[in-house]
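For the record, in the sequence shown the residue sitting at position 732 is 732 according to our numbering, with numbers rising by one throughout. Beta carbons: idealized from backbone N, C-alpha and C, even for Gly. If you're wondering where the values come from, they're calculated on a predicted model, not measured in any experiment.
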Amino acid sequence: MTSFWRQYGIQLYGFLVKTFLQRWRMPVSTTVEILLPCLFTILMSVAYWVSGSSTVPAQMYDGGVYVPLNMTDFLSYFMCKKMGSMLRVPWYPCPPGMNASSLTCLSLIGNGNEICIQNAFYTVLSHMLYGMYYGSGPFGLNTMDGHLTLAALVTEATRKENPTFFGRGGRDSLSHYGNLLVSSNSPALAQNFMTFCRQSSGMCGEVLYDTPFTSLASAKEYAATNEDTVWAIVDLPTASLASNGEAEFTISMNFTATAPTEKEPQKSLFTRGLGANDGSDGYVLYWASGFLTLQTFVHEFYLAQALSTHNITGPSTYYTDPSSDVEGISAYLTQYGSTLIPMPTPSRYNNAFLTKWAYYMPLLAVMAVLYPTSRLVMLIVVEKYNGIREAMLIMGLHPSCMFFGWYSSTLIMDLVSSLLAAMFLKIGFLDKVDYGLLVLLYFSFMQQNTALCFFISSIFRNPRVASWFIAFVLFVFAIPSFSFPTGMTDIQKIFCCLVPCIGYIQAFNIMLNYVSFGWQFGWSQARAGYFNFSIAVGMMWASFGVLMLLSFYLDRVSCGAVGRRAHPLFFLMPLVNRFRKTRAPLVKMWDMGKPIRPGSLVERAIDDDEPHGASFASCSLKKDSKELPQDNSRLIEHYHDVVSTQDPAVAAVFHRLRKVYVGGGILGFLYTYFTGLFRDGDRIVALDGVTFAMRTGEVSVLLGPNGAGKSTIMGVATGMVNPTNGDVYVRGYNARTHLDECRQNIGYCPQRDIVWPLLTVEEHITFYARMKGSHSVNVQEKVDYVVDLLDLHEKRHCKASKLSSGQRRRLCVAIAMVGDSAVLFLDEPTAGMDIKGRKIVYEALNRTRTQRSVLISTHLLDEADRIADRVLIVNKGLLCAEGSAMYLKSQMEVGYVVTCLLESNMSTTEENCAAEGLVNFVRAESYAAQRVGDSSNEGCVVLGVQRRGREVSFRFPMTLLSSAGMTLLSVIQLNSERLRLRNVALNLATLEDVFFTVTCTAPLMSSVTDGELVGGRGDEGDALSIPDTPSTSADLYEEKTGCFFVFCRHFRALFLKRLHYAQRDIKLLVYQVVLPIIFLLLSLFISLVRDPSQPALRLDMTMYDDYASHPSQVMTAYSNFSGYVQNMTRYPMNVTNAFCLSANLPDNVWGSYYLTDFREMPSGLPNVSNAMSRLLLSEIMSHKDPRYVSVAPVGAVFQKGVPKKTPTLLHNTSYSHSAPQGVSALYHLAMYQLFGSAVPTPTAVNSPMMLGEFEKTLVTANKQVMVGIFIILPFIFIPSNTISYIVEEKESGARHMQWLSGANVVAYWLSSFVFDFASYLVTQILAFIIFLIFNRTEFIGKDNVGAAVVLFFFFGLTSIPFSYFMSFFFRSSFTAQSVVFCINFTFGFLWVTLESMIAEHALRFAEVVTYILRIIPAVSFGESMFVLSGAQLANLMFPNRAKKSLFSLLHFSETGSPTGGIGTGLIYMSCVAVACTVALVILEYLRLQRLDSAFTQCCTRPNSEDEEEHRRLEEADPSVKQEEDYVCADKTGPESTRIAVQHLSKRYLGAEHAALQDISFGVKEGEVMGLLGLNGAGKTTTVSILAGEVVATSGEAFVNHYAVQSMESRPFVGYCPQYDALLSNLSAEEHLWLYARLRSIKEKHIRGEVHVLLKELGLYPFRNQPAASLSGGNKRRLSLAIALVGHTTSVLLDEPTSGMDAVARAQTCDIVRRLTAQKSVVLTTHRLDEVEALADRVAFVVRGNLRCVGTPQELKNAYNKTAAYTLNVLFPHTVQLQDADTTLVEKVRSYVLDTITATADVNAQQMARCEVVEVHPCSMQMTVNGDLHSICVAVAHMQAGQASGIPATTYVSVSQPTLEDILLLH
C-alpha cells in the first residue's frame, strides 16, 4: 500500500509538472484565461469611475403638513365655467369681458364651449403637470371633477401632437378622457351607482355612458370596438353587496393606463425607491390615469350603500356629533381622497453606469469565463481526441491521478484569477464588500465552472464540439436567473443555486442589495436571512462536489470514456475480484488459427478494402494446391506447443480472442431488437479465435492488410478494447480483472503521435518515466538511457512541434521503451521514418530485447524480415500463419528470385525485344535441364516471371542451388553480352511472397505469358478499353483560341465543382436553408404570439406570491391635535382618533393576510405620517415581515393654502400596485370600524381593457422590431460558411492543385462568387417568400419592399468579397469560420443592438466606433435591418413626424437614437465590396509565396558552411557534376529533358541552413527519377518548387522547357503531394472530371480517360463516394489519379504510397510503372523497395545537396564495395553458436571463403571477402563478396551436409543486399 501511494504521488507530481509546462509555454492563452475575468471587472470599474458616482442619502418624501397641493385645487384657480353652462362643476365663472383670444375652451367637454382655461395659466399648468408626471414625491388624489377636467385638457393637447397613446407614462395615462362604462349583473345596482355618480360629480355625469352593460366582457368588447372613446369601466357584481366578508369590484382602463398587472422581475437593483423617475412608476400611472380617483369614488359608493342599509355597530361613527365633539370618519374620507406619500428610501449610489448595468453585471461575469472554460475543456478533450489520454492510461497512469492533476492545475489558476478579480471589484464599485467574501464568491464561481468543464469533458470526444458546447451551456444556465418570478420561494431559489451560474448571480445580487444602499457587507451580513449569501455559496460548492463525482464516474463508464468502458460498479470490482477464484489456463497453440464459430463470416473491422488486381494469381504453398488450405497447421511453427500463462518465460498470452463490433445506430438497434437479426454491415467480426504467446527476449511482428485486425489486437492487449470473448494475460495477470497490474508491465506506441506540441523530447520521456512505476521523481538516469538508445541527443531540448514526423515517431518509441516495461506493443512505430530513423529503432530493439518481449504491427514486410524472431500474419480477423521468417519462407514453393538487369542504352522497342528474348532463353534452358536430369533438376523450374522496367525477374524453387540450378545460373552469366544484360543478381524469397500467399491477395510476381510480359496485361472485361484514344495532342486538347475561351472552359469546370460539392455539403444546407428557416420561423412564432393581455389583478395581498407565508405589516398611528396648524391663527384644526385606533386593533381590519403594527405617537402632531416615515426608515433593513403600505387615517395637511383633514397613505414604491392597495386597506379599516364584519368589504380589481385595432397594429409593429433581430442572425451566419469553404480548399491543398492544373485565377474567383451569390439569392428568395406568406409588411410593404430587396442584395454582394479577402489571413477553416462568426455576431448583432444604449451616455464614442465598425458588412446590414423593422412602428407612433426616404443617410440624434434610412449602410457596403475586390486581385496576383520568397532573398544571405558542404559533396561523387553540366548546358535544359532543375536553392527565413543548395538534375521522357534522402534533406522542398507550391530563392526549374511558375508549364504537371489534396464532398469521378477540364482535355475524351484511371487504380467501385468517406489507401490512389489525369507529361509523386499496406503498395507500384511509361516522373519515398521497383535513376539528397545520381544498381555499386551477397545459415536447436559451438562460426566463415577462392580466378581471389555480421544462438549471417557461382557452390555443399567439419544445416540462403540494406549499413 505504501508503494502504491508513493507511486501515486510521483504520477501526480509528473502530471502537474506536465500541465504547468503546457500552461507556461502558452503565455498568451494562459494570461488571457487568468486575466479575462479581471479584464471585465476592470472595464466595469473604469466605466463606474468615469460615470461618476455619488451617495444619495436616505430620503424622506413626507414633508409633514407641507405636501404638494392637490391638482384639483390648482384647477379651481385656472379653470372657469362659461356663463350659461349647465354643467355642475365647482369652477368659478369666467371673468366677464374675456374674449375667445384670452380663453382656451375644452372641446371634449359638453358642447366644447363650456369649460375654459385662461391662456395666461395654460403654460403654468403645463409646467405643473410636467412636474407631476416626473415627480418624485407625494400626490394628493384628485376629485372626480378635477381629474376629468384635467384629462380632457391633456387629451385634447396630446391628440393634436400625436394621436397614439400606446406608450406607458404619466402624460399618456392622463390622455385617456372618454366615457365611463358601468357593468353589473344587477341592473338595479348599476343604476344606483350611476345615480350616485351623477349626484356626486357633475363631470362624472358628463362622461357616464347612458346604458349599463350586463357583464364586464360586453363592456370590454364595446371599449375595444370604440377605442379611444372610453376612459374606464366599473364592474359592480351583486356579490359585492350581498355577501359578508371580502368582496370585489373591477375597474378596467386602457391597456397601458396603469402599471402592468403581470408579475415582472425588477430590472435593476439600483433603481429602487422611486425607480426610473420617467413617469412610468406604478403610483404615478395610477394617479394620472384616474384609477385611484375612481377607486375612491367606488369605495365611497359602497360606503354610502352600507350606511343606507346597515346600522353602525363599530366603535367609530360616520358623521361628526357637534354636541359631543366626537368626530366621524366622514371628516377625513371625502371626495378629495387621500394623500399618497412614498415610503422613505435608504441611501443609495447614484451612478449612471450602475443604474443601467448593475442588473447585467453577473451576466457579464459569466461571459468573461466563456473563454477560460472553453479552453480548459479543449485542453482536456484534445488529449482524448489525439489518443494521448489512452496512451497515458496504458503506460500506467491512474485515472484518478489524471483527474486530480487537471483539477490541481486549474485550482491554482482559478485562485489567482479570483484574487485578481476580487481585488479589482474591491477597488471598484464593491468597495463596501469584504474582500474575503469577494474572493470566496469568485473562487466558488470559478470552481463550479471547473466542475462543469470536467463534466462536459467526460461526455465529449471532439474538442471543438466540447468547447462550443460548454460556452452554450454557460450562457443558457445564466439566463434563468434573470427570469425568476418575483414570488419564488427561498427553498426554490436555494435548489436553483445548484445549477452553475445561478448561485453566483443570486449571491452577487445579494451583495448589490447592500451596496446599493451604501452599506457595508461583511461576514455577518452574509449569513443574514433565510436565503442568504452563505447559502448560495454553499449550494455552489455542493454543485461542485456533485459535478466532480459525476465527472469522474462518467469518465470511466460513459460513451465518452477512453478505451474500455468500466463496469458501472467499477468501484466495487476490486472487492469482487478478491473473492473471485480464477485458475490460469494452459493455452494450446493448435487453437491458433481456428475461429471460435467455424463457418461464420469474418468481416473487416475497417472498411478499407483494397482492390485485388486481376493480373495477379496466388502463389502456392509447398506440396499443396494453389488455394489456402483449411488446415493451416503447416504455417504455424509452434502448432503443438502448450503454454502456461504463469510461465516466467512467457511475457504475454492471447487466448481465443474474439471481437465483434455492432453498429447501425438507432435503426440497427431497433431492427436487431425486434427481429433478432443483424442487417448487412451492422455486425463486424474484427477478431475470431486469435491465440498466440509472446516470449521474453523475442520480437514478434504482426502483419496483415488494412482492416485485418492488427490494431484491434493491440487495443485488446492494452485494455483499450473490450473483447467479446477470450482473455489476454500479461506477466500472468488477466487484463480483464487486473488491468492496472497489466499496464504497469506494458510499454505502448500507438499509430498516432502521442505528443504535446509544446513539450520537449526530454520532458515527454521524463513524464512517462514517472508514470512507469518509478521509485523517485528523479528519473534522469532512465531518461538519459532512452535518449541515447533512440539517438535523440540533438533534439533533446526541442519541442515536439518542431520535430519532423520521423523524429516524433522515434520519440513515441522512446516513450514506449522508458521504464523497463516487460512487454512492448508498437503499432506501426516506423511509419514516416527515413532509413536512418528505422535503423536507430532496429538497433534500439535489438539492444533491449533480452529482458522484454516486443509485438510490432507494421506494413513494412522487409522490416519484419529484418528484426522479427516470430512473424504473425492476420487476415480478416484470423491468425493465418505464425513462425520465424525462415520457417515461413521454407514452407513456400518459391524460394529464389533471379533478377536480370538489361542495358540502359536501348530504345523502348529494343528493350521489349531484349526482355522477350531473355524470357525465351531462360525458359528454354530450364526446360532442357529438366528433360536431361532426374528429379533433383526440379530446382531449375521457372515458377514465375515479372518485369519492372529494365529488370526481369524469374522465380525458382528453394532447390535452385542444386547442380542443375547452378548450371542454369552459369549459362545466364556466360550469355550476358548476347542477352544484353548488365547484371545478374540472386535474391531470396521475401516475406512479401509469404504474406501474399497466406492472405490470398495479389503477389508481386505471377506466371505470365510472353505477350503479357512485354505488353502488359489488361484488366477483366472492359477495364482497360480506352474509347477513341486520340492520336495527336491536337485531337486531345481544346484549341486555345483566346483567353476568353479558356476563361469560359475553366469557369464552367470550377462552377460545376462548386455545384457538385454543394450536393453533399451539409454545412451549406444548414447555413443557407435550415438556419434561415429556423430563425424566420422563430420570427413567425413571435408574430403568432397572442397580443398582450394583462390578467386581472386583485389589489390586495393576494397579488404577491408569498402572501400566505409572509403577511404584510401595516404600520398605523394617530396623534390628537387641537390648535393652529403652523401657527396660522385663521384656521384652527382639531384632529382626533376618529377611526378608534389602538394596540388591540385586529389584523383583519385591513383585509386578509395583514398584520397590524400600531405605534404610539405623542399628542400635538397635526400629521403623524412624518413620524411614521422616520420609523420606517430606521427599520428598513431590520423588519422581518414585508411592508407594502402604512396608513395614517387621520391628520391635517395644507392644501389650497389652508389646512385640510385627510388620510395619509404611505406606499412602497418598489411595488407598482401598492398605492391602490393602500386605498383598499383604508376603506377596509373604515368599513370594519363602522360595521364590524356585518357588511362586505369590497376590494378593487384592476382588469385592463382589451387592445383595440389600432393598438393591435402598434403591438404588431413592435413585434416587427424583434423580428428584425431574429432575421439578422441567419444572414450573419452565411459569411462564415463562405469563408470556411475557401479556406478549406487552401488548407487541404486543393486550391493549389487547381492552380497547378492551369485554372484561370479570374475564373476561380468569379465562379466561386457566382455560386456563393446564387446560394445567397436562394436564401434571400426563401426569406422573401416567407415574408410574403406571413405578410411581413415591414419588408414587403409597398413603401419598404424596394429598400428591403436592395439591402439584402447589397449585403450579399459585399459579404462574399469581404469573406474572400479575409480568407487570406487564415490557414484553418474552423478558425476562419469561428472568427468570422464571432466578429459578425459581436459587431453585427450585439453592437448594433446596444449602440443606441451606449450613445445615450457616450454619443461621440458611439459615433466614432460605429463609423469604423461599418466597414464590416454585418454591422451596416444590422443597422439597416433595424431601420426597416422599426420604420412602420415609428410611423404609427408618430404619424405627424416628417417622413424621410428609407434610402436617406443614417445618423445619431442628440439623444443618441439612430435616425434616418439605409443609405449609409448601402454606401459603406458598396465601398467595402469594391475595396475587397481590388485587394483580392492584388493579393492573388502577388501571391504570398512570391512575397515570402522576395522577402527571404532580401533578408537572408548564403551560408558559407552550406557552400563548403556543397563543394565537398560535389567533389566526392563525379556523377553530381556530370549531371549538372548536362542539365545546365542549355538555358531551359536539354531537348530530351522534360523536367530540368538548374542551380536550385531555397532558404527559409529564420533557418540556419539552406533547405536546398545549388542542386541540378534532369528527367527525360519515360524516365522515373527517384529522390532519396533522410527526413529534412530537401526532397519535398524540391518537389514543391517544381509544383509551384514553393518559390525558389535562386535558380531555375523548367517543365517542358517552361518555367514552373509560368502559366504555360502548369497543364503539363501532375502532382501527387504527401497530403491528400482532395475536396471532401467531391466524388472520385468528379475530381478527375474537374482536373481533366482544367487541363483542357476535350469533353469527348474525358469520360474514357477518367474511367480507365478509375479502373486501373481500383477506384471504380468507389467512384461515386465522396472523398471524405474513402479509406486512406483509396485517397492516395485518387491523389495519384489526379496527377495522371489530363495526359500530364511530367508527374511529381511525393510519397504516393504512404499509408498503404503491402498489398496496396505493390499494386500501386505496378500501376504507376504502367501508367507513367511515357511520362517524366519525379518520385520521393522512404521505401527503397519502391525505388528499386520504379526508378530508372536515383538522386540521393543530403542536407539540401545532391550526393550522387545514377541507376539503382549504380547506387548499390557506389555504396556496396565490400559486400555483394548475404548468407544466412540456420542450424538445428542442438547447435549453440554463442556457447558451446563458438568455434563453428569461424569454421563456416573459413569454409565459405575457401570455396570461393578455390573456384575463382586470380583477380576474383584478391577481391574475395567473407565477414560475419551477426551471430544468434542457432543462426549466423555473413556478407560475402565473390563470384555468384562460387557462392552458390558453397551454399549447396552446406545445404547437402557435404561441408567438412560443419554439421548439417537446417536452412541456408543467399541473396544480394537490397538498397535499403546497403544504406542502413552506411
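C-alpha gap between residue i and residue j, whole angstroms
i            : j            : result
residue 769  : residue 566  : 26 Å
residue 1012 : residue 1484 : Low confidence applies to residue 1012: its pLDDT is 35, below 50, so where it sits in the model is not reliable enough to give any reading.
residue 1707 : residue 1735 : 16 Å
residue 20   : residue 435  : 28 Å
residue 623  : residue 895  : Low confidence applies to residue 623: its pLDDT is 45, below 50, so where it sits in the model is not reliable, and the reading given next is rough at best. In a straight line, the C-alpha of residue 623 is about 13 Å away from that of residue 895.
residue 1050 : residue 1063 : 20 Å
residue 627  : residue 472  : Here the model assigns residue 627 a pLDDT of 40, short of 50, so the residue's position is not dependable, and the following value carries that caveat. Rounded to the nearest angstrom, the two C-alpha atoms are 60 Å apart.
residue 1570 : residue 762  : 35 Å
residue 241  : residue 1239 : 8 Å
residue 14   : residue 416  : 22 Å
residue 464  : residue 384  : 12 Å
residue 1014 : residue 915  : Note that residue 1014 scores a pLDDT of 36, beneath 50, so its modelled location is shaky and nothing firm can be said.
residue 1112 : residue 528  : 20 Å
Beta carbon of residue i nearer than 8 Å to that of residue j
i            : j            : result
residue 1297 : residue 1682 : yes
residue 966  : residue 1833 : yes
residue 446  : residue 497  : no
residue 1693 : residue 1616 : yes
residue 1573 : residue 1740 : yes
residue 1115 : residue 1177 : no
residue 1689 : residue 1727 : no
residue 1228 : residue 1150 : yes
Supposed contact pair residue j and residue i - C-beta distance, whole angstroms, cut 8 Å
i            : j            : result
residue 253  : residue 289  : 6 Å
residue 1444 : residue 1284 : That belief does not hold up - the Cβ atoms of residue 1444 and residue 1284 are roughly 39 Å apart, past 8 Å.
residue 1533 : residue 1598 : 5 Å
residue 139  : residue 340  : 5 Å
residue 91   : residue 176  : Wrong, their Cβ atoms sit about 22 Å apart, outside the cutoff.
residue 421  : residue 41   : 5 Å
Item to complete: Output the residue ranges of the alpha helix (DSSP H) runs that lie fully inside the region 1051-1116 and measure 4 residues or longer, sorted by chain position.
Response: As far as the region 1051-1116 is concerned, its whole alpha helix (DSSP H) runs of at least 4 residues are 1066-1069, 1075-1088.
Fill in: Segments of 4+ residues assigned as alpha helix (DSSP H) that fall wholly inside the region 201-264
Runs of alpha helix (DSSP H) with 4 or more residues, each lying fully within the region 201-264, are found at 202-207, 216-225, 239-242, listed in chain order.
Worksheet item: What are the start and end residues of each continuous beta strand (DSSP E) run of 3 or more residues lying completely inside the region 1525-1598, in chain order?
Response: Correct list: 1537-1546, 1556-1564, 1568-1573.
Item to complete: Scan the region 832-876 and note each continuous alpha helix (DSSP H) run of 4 residues or more that stays entirely inside, going in chain order.
Response: You should have 835-848, 861-867.
Worksheet item: Do the region 218-235 and the region 1202-1218 make contact, defined as three or more Cβ pairs closer than 8 Å?
Response: No: fewer than three Cβ pairs fall under 8 Å.
Item to complete: Please determine if the region 365-380 and the region 1232-1248 are in contact, where contact requires at least 3 C-beta pairs separated by less than 8 Å.
Response: Judged by Cβ distances under 8 Å, the region 365-380 makes no contact with the region 1232-1248, as fewer than three pairs qualify.
Fill in: alpha helix (DSSP H) runs wholly inside the region 1317-1405, at least 4 long, in chain order
1337-1340, 1345-1367, 1373-1383, 1392-1401, all fully within the region 1317-1405.
Worksheet item: Is there contact between the region 836-849 and the region 872-879, where contact requires at least three CB pairs shorter than 8 Å?
Response: Counting Cβ pairs under 8 Å, fewer than three are found: no touch.
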